Amino acid sequence: PVIDEEAQKSIRDYCTEMGLQGRLIAKLEAPKDGRFVAPHVFRVKGIEDIEREVFGPVLHVASFDADD
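Next up, the structure:
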């Protein structure tokens, strides 16, 4: 669970926005009751794509060439 309903809404809104941008790789289910947020995995190009720190079950994945 997350700390409060405000945090839950903020994380869900962030996940919705990232999904609308086509960045969603995977999403699991979360319990319906309580302040749970489903774990999400998002594709990003790099740290510059992450606008803010998310304190919840959100993983950002960036791929890169071996020479980088």
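First residue of the sequence shown? That's 39 in this note's numbering, and the numbers climb one at a time after it.
No residue lacks a Cβ here, since even glycine has one placed at the ideal position from N, Cα and C.
Treat the numbers as computed from the prediction; the structure is a model and nothing was measured.
By Cβ distance, which residues of its chain are closer than 8 Å to residue i, with the 5 residues on each side in sequence left out?
i: I88; result: V82, H98
i: E43; result: R73
So is residue i buried or exposed if we call it buried at 16+ other beta carbons inside 10 Å?
i: G72; result: exposed
i: I41; result: exposed
i: I85; result: exposed
Which whole-angstrom value describes the C-beta separation of residue i and residue j, a residue pair presumed to lie in contact below a C-beta threshold of 8 Å?
i: A80; j: L62; result: First, the amino acid is wrong: residue 80 is Phe here, not Ala. Confirmed, Cβ separation roughly 6 Å.
i: F93; j: A45; result: 7 Å
CB-CB under 7 Å to residue i, same chain, minus the five flanking residues each way: which ones, in chain order?
i: L66; result: A76, P77
i: A68; result: F74, V75, A76
Give the single residue among the options whose Cα lies nearest to the Cα of residue i.
i: K70; options: V96, G57, P39; result: P39
i: S48; options: A64, V96, Q59; result: V96
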